[in-house]
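>
Structure follows, in structure tokens:
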């Protein structure tokens, strides 16, 4: 099944590439790798504010991480023009806006990891780090950065 | 305009490569990429201590980020011997020492992002993540790590 | 001296590659680079819980970082089949579970950095970032992510 067939099966329509809130770009290619900027969670086009362990549950955090994964794939679409050119998702860095007592950052991150595997199949299996940030830009609950490898070099 | 002409126009003189405070090196080359260690903000040669949302404003944080960018370019000079060999700034990771309520990490990071674009022009446009750290080594207010791509491989 | 002779001299026996607690894989190869997932500190097979500046000293944190470095080398063994194929340790990202007042993340990280240099010699000299996380998955005291470069491409 192609990546686009999987997206269709999952009833996911990709957004336009997220426009960064600041003086940088959504992605940069370096050889066969694409470095995608940290994307914050959004709801109705606005930052999805909240903090795990304060006013959000792990399930809500995982849903936010899943929504970011969709935005990241939208940015990969803009970077590649064709998602079949993604050879592999290499790595995620998952930042979870956390109370000092909250210890389930890995379960929040699973919301993104699982979706990437559903969309990309074996090519979606990635390395990952997840940890608690004391706060995130615009008060967002989750932020995720991604590195992917493409089939051919820039 | 060359990178050095831009530095001259900006009245920026590069420092010697920062000597790490610990058991590691300021940069490592891997193929065409250079991975530059996290550099903390310094003032008068000492760690620039402070926390955003406690005893520093966003403007002061952005000034600290800008000063780190100068140090990072100094390290790139040491890594390359010639900044014209920098094909692209690939990615920044910007750690902002933040109170739990501070949400303008992206504006702090802009201090570094904007300067890199002024120095490197189009080659300075980079991917980026910025987020709040609960503390940083030596109490520094900001720390930035950088990946650059060079014109030719090691 | 080979890497294995150094490990023998250091009386270090490598663990099996750590199985991630979640929906991702322990490492991904991309060209000549290996991206190793964030590994949390473990003690007796369980998460090594604690927070620097609250219930752990810098020395204990450095010991935890050293133990993670051993686990990371175990994962590199699984990734390469032969540690002599490691051309260079490229970069570490060291996350230290920190109280808001704790500022010795770099000294904690040295526990890992020094061991990697003892094991890999010159090939172990790496770039690094270390900073304070407000919490880590499962309450672990330290988490470390690693990028290495191999002698030949995937």
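Chains as they are written, first to last, in the numbering used here: chain A, 44 to 197; chain B, 44 to 197; chain C, 44 to 197. Where a beta carbon is used, it is the ideal one built from N, C-alpha and C, also for glycine. All of these numbers come straight from a predicted model, not from anything done at the bench.
Which one of B:55, B:47, B:72 has the shortest CA to CA distance from residue 168 of chain C?
Counting from 1 along the third chain, the entry for residue 168 of chain C is found at position 125. Here the closest residue by C-alpha is B:72.
> May I ask you to report which of helix, strand or coil DSSP gives residue 75 of chain A?
Here residue 75 of chain A corresponds to residue number 32 of the first chain, with the count starting at 1. Residue 75 of chain A falls in the coil class under three-state DSSP.
> With a threshold of 6 Å on Cβ separation, who are the neighbours of residue 24 of chain C within its own chain once the five nearest residues in sequence on each side are excluded?
There is no way to answer for residue 24 of chain C, as the model of chain C reaches only from 44 to 197.
> Have a look at residue 176 of chain C and residue 114 of chain A and give me their C-alpha separation to the nearest angstrom.
Numbered from its first residue, the third chain carries residue 176 of chain C at position 133. Numbered from its first residue, the first chain carries residue 114 of chain A at position 71. Taking the straight line joining both Cα atoms gives about 25 Å.
> Can you tell me whether residue 88 of chain A is buried or exposed? The criterion is at least 16 other CB atoms within 10 Å of its CB, across all chains shown.
Within the first chain, residue 88 of chain A is the residue found at index 45, counting from 1. Exposed is the call here.
> Since residue 79 of chain A and residue 119 of chain A should fall inside the 8 Å C-beta cutoff, what is the C-beta to C-beta distance between them, to a whole number of angstroms?
As a working note, residue 79 of chain A is residue 36 in the first chain. As a working note, residue 119 of chain A is residue 76 in the first chain. Contact flag correct, Cβ pair sits at about 7 Å.
> DSSP on residue 143 of chain C, reduced to helix/strand/coil?
Indexing the third chain from 1 puts residue 143 of chain C at position 100. Coil at residue 143 of chain C, not helix or strand.
> Can you list, in chain order, the residues of its chain with a C-beta nearer than 8 Å to that of residue 129 of chain B? Leave out the 5 residues immediately preceding and following it.
As a working mapping, residue 129 of chain B is identified with position 86 in the second chain. Closer than 8 Å at the Cβ level, and outside the excluded window around residue 129 of chain B, lie 46, 119, 123, 163, 166, 191, 192, 193, 194.
> In chain A, what lies closer than 9 Å to residue 71 of chain B by C-beta?
Within the second chain, the letter at position 28 stands for residue 71 of chain B. Residues of chain A passing the Cβ test: none, with the nearest at roughly 15 Å.
> Using a Cβ cut-off of 9 Å (strictly closer), state whether residue 56 of chain B contacts chain C.
On the second chain, residue 56 of chain B is found 13 positions in, with the first residue counted as 1. No, no contact with chain C.
> Residues of the segment 166-187 of chain B in Cβ contact with chain C at a cutoff of 7 Å, in chain order, please.
Under the 7 Å Cβ criterion, the segment 166-187 of chain B contributes 176, 177, 178, 179, 180, 181, 182, 186.
> Measuring straight from C-alpha to C-alpha, what distance separates residue 257 of chain C and residue 184 of chain B?
The structure shown does not extend to residue 257 of chain C, since chain C spans only 44 to 197, so no value can be given for it.
> Can you say whether residue 99 of chain C is buried or exposed, counting buried as having 16 or more other CB atoms within 10 angstroms of its CB?
Taking the third chain and counting its residues from 1, one reaches residue 99 of chain C at position 56. Residue 99 of chain C is buried by the Cβ-count criterion.
> Mind checking residue 136 of chain A: buried by the 16 CB within 10 Å criterion, or exposed?
As a position in the first chain, residue 136 of chain A is number 93, starting the count at 1. Flag for residue 136 of chain A reads buried.
> In chain A, what lies closer than 7 Å to residue 80 of chain C by C-beta?
What you label residue 80 of chain C is simply residue 37 of the third chain in a count that begins at 1. Under the 7 Å cutoff, chain A gives 170, 171, 172.
> Would you kindly work out how many angstroms separate the C-alpha atoms of residue 82 of chain A and residue 54 of chain B, rounded to a whole number?
Indexing the first chain from 1 puts residue 82 of chain A at position 39. Indexing the second chain from 1 puts residue 54 of chain B at position 11. Computed Cα separation, rounded: 34 Å.
> Helix, strand or coil, according to DSSP, for residue 131 of chain A in the structure here?
Your numbering for residue 131 of chain A matches position 88 in the first chain. Three-state result, residue 131 of chain A: strand.
> Taking the CB atoms as reference points, tell me whether residue 173 of chain C and residue 94 of chain C lie closer together than 9 Å.
On the third chain, residue 173 of chain C is found 130 positions in, with the first residue counted as 1. On the third chain, residue 94 of chain C is found 51 positions in, with the first residue counted as 1. Not closer than 9 Å, so no.
> Is it buried or exposed, residue 196 of chain B, if we count other Cβ atoms within 10 angstroms and call 16 or more buried?
To locate residue 196 of chain B, count along the second chain from 1; it is residue 153. Label assigned to residue 196 of chain B: exposed.
> Give a yes or no on whether 9 Å exceeds the smallest Cβ distance from residue 45 of chain C to chain B.
Looking up residue 45 of chain C in the third chain gives position 2. False, the Cβ-Cβ gap to chain B never drops below 9 Å.
> Thinking just about the alpha-carbon of each residue, which of B:146, B:189, B:61 is nearest to the one in residue 134 of chain C?
Position 91 of the third chain, counted from the first residue, corresponds to residue 134 of chain C. Nearest C-alpha to residue 134 of chain C: B:189.
> With DSSP as the reference, label residue 175 of chain B as helix, strand or coil.
Taking the first residue of the second chain as 1, we reach residue 175 of chain B at position 132. Three-state result, residue 175 of chain B: strand.
> Output the distance between the C-alpha atoms of residue 97 of chain A and residue 179 of chain C, rounded to the nearest integer angstrom.
Counted from its first residue, the first chain places residue 97 of chain A at position 54. Counted from its first residue, the third chain places residue 179 of chain C at position 136. Going by the C-alpha atoms only, they are around 16 Å apart.
> Starting from the beta carbon of residue 138 of chain C, find every residue of chain A whose beta carbon is closer than 7 Å, and list them in chain order.
The residue you call residue 138 of chain C lines up with position 95 of the third chain. Chain A residues near residue 138 of chain C: 174.
> Taking 9 Å as the threshold (beta carbon to beta carbon), is residue 67 of chain A in contact with chain B?
Numbered from its first residue, the first chain carries residue 67 of chain A at position 24. Yes, residue 67 of chain A lies at the interface with chain B (some Cβ there is under 9 Å from its Cβ).
> Can the beta-carbon of residue 92 of chain A be found closer than 9 Å to that of residue 155 of chain A?
Within the first chain, numbered from 1, the residue matching residue 92 of chain A stands at position 49. Within the first chain, numbered from 1, the residue matching residue 155 of chain A stands at position 112. It is not a contact, given that the beta carbons lie outside the stated cut-off.
> Please check the pair residue 139 of chain B and residue 57 of chain B, which I expect to be a contact at CB under 8 Å, by giving their CB distance rounded to whole angstroms.
Counted from its first residue, the second chain places residue 139 of chain B at position 96. Counted from its first residue, the second chain places residue 57 of chain B at position 14. Not confirmed; about 24 Å, so no contact.
> Since residue 112 of chain B and residue 60 of chain B are thought to touch, with beta carbons under 8 Å apart, how far apart are those beta carbons, to the nearest angstrom?
Your numbering for residue 112 of chain B matches position 69 in the second chain. Your numbering for residue 60 of chain B matches position 17 in the second chain. With a Cβ gap of about 14 Å, residue 112 of chain B and residue 60 of chain B do not count as contacting.
> Residue 146 of chain B: buried (16+ other C-beta within 10 angstroms of its C-beta) or exposed?
As a first step, residue 146 of chain B must be located in the second chain, where it is residue number 103. When all chains shown are included, residue 146 of chain B counts as buried.
> Please return the same chain residues whose Cβ sits closer than 6 Å to the Cβ of residue 75 of chain A, not counting the five positions on each side in sequence.
Here residue 75 of chain A corresponds to residue number 32 of the first chain, with the count starting at 1. Once the five neighbours on either side are set aside, the close Cβ partners of residue 75 of chain A are 192, 193, 196.
> Pull up the distance between the alpha-carbon of residue 161 of chain B and that of residue 90 of chain A, whole angstroms please.
Your numbering for residue 161 of chain B matches position 118 in the second chain. Your numbering for residue 90 of chain A matches position 47 in the first chain. Cα-Cα distance, rounded: 29 Å.
> For residue 74 of chain C, return the contacting residues in chain A, with the cut-off set at a CB-CB distance below 9 Å.
Mapped onto the third chain, residue 74 of chain C falls at position 31. Under the 9 Å cutoff, chain A gives 74, 75, 76, 192.
> Give a yes or no on whether the minimum CB-CB distance between residue 147 of chain C and chain B is below 9 Å.
Here the question's residue 147 of chain C lines up with position 104 in the third chain. For residue 147 of chain C, the answer is yes, since a Cβ of chain B falls inside 9 Å of its Cβ.
> Which term fits residue 62 of chain A, buried or exposed, when burial requires 16 or more other beta carbons within 10 angstroms of its beta carbon?
In the first chain, residue 62 of chain A corresponds to position 19, counting from 1. With fewer than 16 other Cβ atoms within 10 Å, it is exposed.
> Per DSSP, what kind of secondary structure is residue 80 of chain B in: helix, strand or coil?
Your numbering for residue 80 of chain B matches position 37 in the second chain. Residue 80 of chain B falls in the strand class under three-state DSSP.
> How many angstroms separate the CA atom of residue 153 of chain C from the CA atom of residue 51 of chain C?
Position 110 of the third chain, counting from 1, holds the residue named residue 153 of chain C. Position 8 of the third chain, counting from 1, holds the residue named residue 51 of chain C. Rounded to whole angstroms, residue 153 of chain C to residue 51 of chain C spans 21 Å at the Cα level.
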